Amino acid sequence: MNNDNQYAEPTAQTQKTQRKPIVLVPTGAKEHSGHWYQLMGKKYLDPLVHISGCVPVMLPTAYGEEDIEQYVDMADAIFLSGASTNIDPALYGQEWQTPDQGQDKGRDHFNIALIRAGLKRGLPFFGICRGFQELNIAFGGDLYQQVHNSPGMMDHREKDPNAPLTEQYGPNHSVQLTPNSWLGNVLDTDHFMVNSLHGQGIKTLGQGLSALAHAEDGLVEAAYCPEFKQFTLGVQWHPEWLAHENPLSIKLFQAFGNAARDFSKQK
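In full-length UniProt numbering, the protein residues as written are 1 to 267.
Put into structure tokens, the structure is as follows:
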């Protein structure tokens, strides 16, 4: 066998084959000892790297939306995480009812603009918890600010915030998928248990969004944007938690990674 070219420079084709998709991951603001940071939890990045097979690029949300289009130019997908802050209710026409929870208005405005710009460009989208709620607000929907105080609704918060994380993120309630949905085909099931660590939730779905799953009390637990051809998904639970140990989470992050690769190949 002739090995003369085994160390040759890679061709454009091999470079394209080896390139991993770039996923934009906006950060959130956090103050500590008088200093402000832009942070992202490692638990969200791990499945993007190890299951989706993508390269996460963290975006600072503290500097406005001026560079959104440039960020979108470089990307193959968008991923929005959960956070301890709540979305500014003024963005959906309500007064603030949760003063005990922090806000991150920089993230609110940045991510809403990123969602709108990215989906128009055909970028696959995956939003978790707050990221799902941001998707809904971006399309004109609103939220229950306190699901647990809303008539007929369950308490979707973690049962004991002081318990070990393995208990907080343990199975909490069941989810039922809409019949014959594409998400059911991805997961190969239409009924399963999820964790639940959120005080807020979807009240009215935004225009153009369609529900994919509901909790036992009817709360929307997953939705997508059928007007867009690419992968779009928001979920209220936390599939990133120990994702490598959860077969359903693995399927979700694999599907997202495959969608990002498909988009990358079109460039």
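Glycine included, each C-beta is placed from N, C-alpha and C at the ideal position.
Computed from a predicted structure; not experimentally measured.
When Ala83, Phe231, Glu134, Pro26 are compared against Arg261, the one with the closest alpha-carbon: It is Phe231 whose Cα lies nearest to the Cα of Arg261.
Assumed close pair Gly201, Leu143 - CB separation to whole angstroms, cut-off 8 Å: Contact between Gly201 and Leu143 is confirmed by a C-beta separation of about 7 Å, below the 8 Å threshold.
Please identify the residue among Gly152, Phe125, Pro179 whose C-alpha is closest to the C-alpha of Val72. Closest in C-alpha terms to Val72, from the list Gly152, Phe125, Pro179, comes Phe125.
Pick from His173, Gly140, Gly102, Phe263 that is closest to His214, judged by C-alpha positions: Taking only the C-alpha atoms, the option nearest His214 is His173.
Quick one, which of Ala211, Gln168, Val220 has its alpha-carbon nearest Trp182's? Scanning Ala211, Gln168, Val220 for the CA closest to the CA of Trp182 turns up Ala211.
Among Ser196, Ala62, Ser84, which has the Cα closest to the Cα of Gly106? Of the listed residues, the one whose Cα sits closest to Gly106 is Ala62.
With distances taken from CA atoms, which of Leu219, Phe228, Pro26 is nearest Val235? The shortest CA-to-CA distance from Val235 to any of Leu219, Phe228, Pro26 is the one to Leu219.
Just reading off the beta strand (DSSP E) that Asp142 is part of, what are its end residues? For Asp142, the enclosing beta strand (DSSP E) starts and ends at 142-144.
Within the same chain, show all residues whose beta-carbon is closer than 6 Å to that of Gly127, passing over the 5 residues directly before and after it, in chain order. Same-chain partners within the cutoff: Leu80, Leu135, Gly234.
Please report the distance separating the alpha-carbon of Glu240 from that of Phe256. Near 12 Å, if we compare the C-alpha coordinates of Phe256 and Glu240.
Buried or exposed by the 16-neighbour rule on C-beta atoms within 10 Å, applied to Val57: Result: exposed.
Under 8 Å between the Cβ atoms of Val55 and Pro21? Yes.
Can you tell which of Leu197, Asn149, Pro151 has its C-alpha closest to the C-alpha of Leu165? Residue Leu197 is the option with its Cα nearest to Leu165.
Which partner residues of Ser174 appear in the DSSP bridge assignment? Note: Ser174 sits in a beta bridge opposite Met193.
Give the single residue among His109, Leu119, Asn185, Trp96 whose Cα lies nearest to the Cα of Pro60. Nearest C-alpha to Pro60: His109.
In terms of DSSP beta bridges, what is Asn86 paired with? The secondary-structure analysis by DSSP pairs Asn86 across a beta bridge with Gln103.
Just to confirm before moving on: does the CB-CB distance between Leu205 and Cys225 stay below 8 Å? No, they are not a contact pair.
Reducing DSSP to helix, strand and coil, say where Glu69 ends up. Helix, per DSSP.
By DSSP, does Trp237 sit in helix, in strand, or in coil? It is coil, neither helix nor strand.
Taking 8 Å as the cut-off, does the region 77-96 touch the region 143-158 (at least 3 CB pairs, one atom from each stretch)? As far as the Cβ criterion goes, the region 143-158 touches the region 77-96, which means the pair count is three or higher.
Suppose you measure from the CA of Gln18 to the CA of Gly34; what does that come to, to the nearest Å? Rounded to whole angstroms, Gln18 to Gly34 spans 43 Å at the Cα level.
Do Pro171 and Met193 have their CB atoms nearer than 8 Å? Taking 8 Å as the Cβ cut-off, Pro171 and Met193 qualify as a contacting pair.
Alpha carbon to alpha carbon, how far is His32 from Asn86? Cα-Cα distance, rounded: 18 Å.
Pick helix, strand or coil for Ser210, following the three-state DSSP scheme. Three-state DSSP puts Ser210 in a strand.
Exposed unless 16 or more other CB atoms sit within 10 angstroms - verdict on Ala259: Under this definition Ala259 is a buried residue.
Assigned exposure category for Pro99 - 16 Cβ within 10 Å defines buried: The C-beta of Pro99 has fewer than 16 other C-beta atoms within 10 Å across all chains shown, which makes the residue exposed.
Would Trp237 be called buried (16 or more neighbouring beta carbons within 10 Å of its own) or exposed? It is buried - the Cβ of Trp237 has at least 16 other Cβ atoms within 10 Å.
Check the C-beta distance from Ala138 over to Arg116 and give it rounded, since I have them as a contact under 8 Å. A Cβ-Cβ separation of about 6 Å places Ala138 in contact with Arg116 under the 8 Å criterion.
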